[in-house]
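**Student:** If you count by this note's numbering, then the sequence shown holds residues 5 to 495, one letter each, in order.
Just so you know, even glycine gets a beta-carbon here, dropped at the ideal spot from N, CA and C.
The structure displayed is predicted, hence computed values, not measured ones.
Quick one: the structure is below, and I'll ask about it shortly.
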Amino acid sequence: KQTIDSPIIIIGSGYGGAVSALRLCEAGKKVVLLEMGLNWEKSGIPFSNLLKPGQSSAWLRKKTIAPFMNIFSLTPFTGTLDRMEFDTINIWLGRGVGGGSLVNGGMAVTPKESYFKEVFPNLDAEKFYSHYFPLVQEELKVNIIDEKFLNDCPYYKFTRVGEEEAHKAGFKTMRVPNVYDFKYMEKEFRNEVPRSALNTEVIYGNNHGKNSLDKTYLKKALETGNLEILDLHCVDHIKLNDDKSYTLNVQQIDTSGKVIADKIFNCKKLILSAGTMGTLQLLLRSNAVNNLPVHEKIGKNWGNNGNFMTGRNWVKPLSGGTGSKQSTIPVGGIDNWDDKEHPFFTEIAPLPMGMDVATALYLLINRVNKKGEVGYDRINQKLILNWDESHTANMKENARYFIRKMNNANGGTRSHFLFNNGFGADICYHPLGGCVLGEATNEFGKLKDHENLYVLDGSLIPGTIGVNPFVTITAIAEYCIENLIRQNEFS
Ligand code: FAD
């Protein structure tokens, strides 16, 4: 087996991994980043769109795995979108250099300050809102759509209809910032550049327009000359050595998923940024394989960020419905967070199916009143999740209330076209928690019971943040790595 030594290794190239890589490289540290997914930019393979799923559309599957309308058969390929399946919930994940930033909708939402304080009572909220959030908005290239373009563009009819209906039902709406470059989108609309958001590209990757992490944090980190990214390198498990260093068992795969090399990596310092589910899998599997110490809080305080999908059919069919042409980038939201009885935020989501289906799709984000727990099944060697209908009861109640109010004011029915009973309780895009900051780790993400092991990703957030999470994940990672470097953890 090939053995490679590196002082610092990061596992995973999503938000936590990209921030850690940049700040360590800027501090002059040599870093190796292991990513199980493909380096799409380097490969030169284009991403496919929603209407013609191809190589990028699924991680090693024979069929597409989008939340709706899966009729496409595939030759297994290391695509960008993966799904972890449990009895009561399916969790979608991004794979590739850039992690979730490749597949996500780019919605860049800063949490409400009052909720941030409730979720993280021990953090200095003032510092986050004056420093870390503005910093990550700049690094991630967050921008806002021009109102005139939004009002004129036929591709945003679904947003205009959604907002109009929400107002009629007495709800408050808000503009949602994004990392998709809206100036680029305006050029797409004028046919001056190749189309991406206006060509149904999103959850299988965007060929243009979207400032995913490979265009921001990771690009800057590579420019320092201190970062090496090894793609298609999947870490199977990690071992704590007697001298407190770590040994990683890694499988290098080709794009069909075949193992082409078994490798050993040794490092003094290890950062786990494999995403909430990836990091929990690595820790719990390593514990099962070689007794890696795991603190009792690992796996606890997990949540789906209150994700709950729902939809309405027969939305304004006489006046042309929600539009046959739809941008894939959401820019509208309904903010009902301050309602004591039914607190939720919902994205007015696109449904770009190439025809007008007179259907509105909503991804609600609710409070998580009851947290779940992640464990490990040693016999079948996979994660198990304590999560059932009782965990989503308040979310269903909010969705029911929301749809009823919208339908009473505007007509329409709950969407049985999209979901079995009109509710998608089992769809999760935002798994969070399980290695919560200050519970399973110290105040800056260093794992308890370890001297050289850190977690920097969504698993630090205790199951809920009230809005789409990547801005918060990025800001927490900035905060942690800055302090870890200041404390000379990596010298
Ligand atoms: P990730 O971004 O998940 O990165 C983890 C990386 O680690 C991945 O690249 C993975 O391949 C790699 N990895 C995992 N295990 C291993 C291993 N064993 N070895 C090597 N590599 C490994 N959030 C928003 O804020 N706004 C949105 O609009 C939005 N839309 C979304 C739409 C979809 C379809 C999905 C799936 C998610 C969306 N999200 C959105 C959620 C957001 O993308 C995630 O919260 C975010 O990416 C999590 O960041 P992370 O750093 O924790 O990990």
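Quick one: does the C-beta of Trp96 sit closer than 7 Å to a heavy atom of ligand 1?
**Tutor:** Here residue 96 is taken as the residue at index 92 of the sequence shown, counted from 1. Yes, ligand 1 has a heavy atom inside 7 Å of this Cβ.
**Student:** In this structure, what does DSSP give as the bridge partners for Asn203?
**Tutor:** Start at 1 with the first residue of the sequence shown, and residue 203 comes out as number 199. Partner(s): none; Asn203 has no beta bridge.
**Student:** Have a look at the DSSP bridge pairing and note the partners of Leu561.
**Tutor:** The question about residue 561 has no answer here: the residues shown for the chain are numbered 5 through 495.
**Student:** Quick one: give me the first and last residue of the alpha helix (DSSP H) that Lys386 is part of.
**Tutor:** Reading the sequence shown from its first residue, position 382 is the one you call residue 386. From DSSP, Lys386 is part of no alpha helix (DSSP H) but of the beta strand (DSSP E) over Lys386 to Asn390.
**Student:** Indicate whether Asp430 and Ile93 have their beta-carbon atoms separated by less than 8 Å.
**Tutor:** For the purposes of this step, residue 430 is identified with residue 426 of the sequence shown, where counting begins at 1. For the purposes of this step, residue 93 is identified with residue 89 of the sequence shown, where counting begins at 1. Cβ distance < 8 Å, so Asp430 and Ile93 count as in contact.
**Student:** Give every residue of the same chain whose Cβ lies closer than 8 Å to the Cβ of Thr251, excluding the five residues on either side of it in the sequence, and list them in chain order.
**Tutor:** Residue 251 sits at position 247 when you count from the first residue of the sequence shown. The answer, listed in chain order, is Ile242, Lys243, Asn245, Ile268, Phe269 and Asn270.
**Student:** How do the segment 22 to 37 and the segment 70 to 80 stand: do at least 3 beta-carbon pairs fall below 8 Å, yes or no?
**Tutor:** no
**Student:** Tell me the DSSP bridge mates of Leu457?
**Tutor:** Taking the first residue of the sequence shown as 1, we reach residue 457 at position 453. Under the DSSP definition of a beta bridge, Leu457 partners with Leu274.
**Student:** Helix, strand or coil, according to DSSP, for Asn373 in the structure here?
**Tutor:** One-based indexing of the sequence shown puts residue 373 at position 369. DSSP places Asn373 in coil when its eight states are reduced to three.
**Student:** Closest by CA to Leu365, which one among Val378, Met313 and Glu169?
**Tutor:** As a first step, residue 365 must be located in the sequence shown, where it is residue number 361. Minimum Cα distance to Leu365 is reached at Met313.
**Student:** Should Thr7 be labelled buried (16 or more other beta-carbon atoms within 10 Å of its own) or exposed?
**Tutor:** Locating residue 7 in the sequence shown gives position 3, where the first residue counts as 1. Exposed, since its Cβ has fewer than 16 Cβ neighbours within 10 Å.
**Student:** Where does His171 fall in DSSP's three states?
**Tutor:** The count along the sequence shown starts at 1 and reaches residue 171 at position 167. The answer is helix: DSSP assigns His171 an H, G or I state.
**Student:** On the DSSP letters alone, give me the boundaries of the alpha helix (DSSP H) that Asp156 sits inside.
**Tutor:** As a working mapping, residue 156 is identified with position 152 in the sequence shown. Its alpha helix (DSSP H) spans residues Glu151 to Asp156.
**Student:** State the CB to CB distance for the pair Ile165 and Leu284, rounded to an integer number of angstroms; the pair is presumed to be in contact (CB under 8 Å).
**Tutor:** As a position in the sequence shown, residue 165 is number 161, starting the count at 1. As a position in the sequence shown, residue 284 is number 280, starting the count at 1. Correcting the residue type first, residue 165 is Val in the shown sequence and not Ile. Your pair Val165 and Leu284 does not check out as a contact, with CB atoms roughly 40 Å apart and the cut at 8 Å.
**Student:** In angstroms, rounded to a whole number, what distance separates the CA positions of Phe474 and Ile95?
**Tutor:** Working through the sequence shown from its first residue, we reach residue 474 at position 470. Working through the sequence shown from its first residue, we reach residue 95 at position 91. So the alpha carbons of these two residues sit roughly 16 Å apart.
**Student:** With H, G and I counted as helix, E and B as strand and the rest as coil, what does DSSP make of Asp218?
**Tutor:** Here residue 218 is taken as the residue at index 214 of the sequence shown, counted from 1. Asp218: helix per DSSP, three-state reduction.
**Student:** Flag Glu39 as yes when its Cβ comes closer than 7 Å to any non-hydrogen atom of ligand 2, and as no otherwise.
**Tutor:** This structure lacks ligand 2; the ligands present are ligand 1.
**Student:** Residues in the same chain with beta-carbon distance under 6 Å from Leu457, minus the five sequence neighbours each way, listed in chain order, please.
**Tutor:** Start at 1 with the first residue of the sequence shown, and residue 457 comes out as number 453. Answer for Leu457: Leu274 and Leu451, listed in chain order.
**Student:** Could you tell me the alpha carbon to alpha carbon distance between Lys145 and Gln330, rounded to whole angstroms?
**Tutor:** Along the sequence shown, read from residue 1 onward, the residue named residue 145 stands at position 141. Along the sequence shown, read from residue 1 onward, the residue named residue 330 stands at position 326. Those two C-alpha atoms are separated by around 23 Å.
**Student:** Roughly how many whole angstroms lie between the Cα atoms of Gly324 and Met359?
**Tutor:** The count along the sequence shown starts at 1 and reaches residue 324 at position 320. The count along the sequence shown starts at 1 and reaches residue 359 at position 355. One C-alpha to the other measures close to 11 Å.
**Student:** I'd like to know if the segment 208 to 216 and the segment 11 to 26 are in contact, where contact means that at least 3 CB-CB pairs between them fall below 8 Å.
**Tutor:** no
**Student:** Is it true that the CB of His237 sits closer than 8 Å to the CB of Met88?
**Tutor:** Mapped onto the sequence shown, residue 88 falls at position 84. Mapped onto the sequence shown, residue 237 falls at position 233. Cβ distance not < 8 Å, so Met88 and His237 don't count as in contact.
**Student:** With the cut-off set at 8 Å, would you say Leu2 and Leu276 are in Cβ contact?
**Tutor:** Any question about residue 2 goes unanswered here, given that the chain covers just 5 to 495.
**Student:** Using CA coordinates, which residue listed in Glu232, Val254, Glu167 and Thr220 is at the minimum distance from Lys320?
**Tutor:** For the purposes of this step, residue 320 is identified with residue 316 of the sequence shown, where counting begins at 1. Nearest of Glu232, Val254, Glu167 and Thr220 to Lys320, Cα basis: Glu167.
**Student:** In three-state terms, what does DSSP make of Ser77?
**Tutor:** Translated into the one-based positions of the sequence shown, residue 77 becomes position 73. Of the three classes helix, strand and coil, the one that applies to Ser77 here is strand, per DSSP.
**Student:** Please confirm whether any heavy atom of ligand 1 lies closer than 7 Å to the CB of Phe162.
**Tutor:** For this step, residue 162 is matched to residue 158 along the sequence shown. No - ligand 1 has no heavy atom lying nearer than 7 Å to the Cβ of Phe162.
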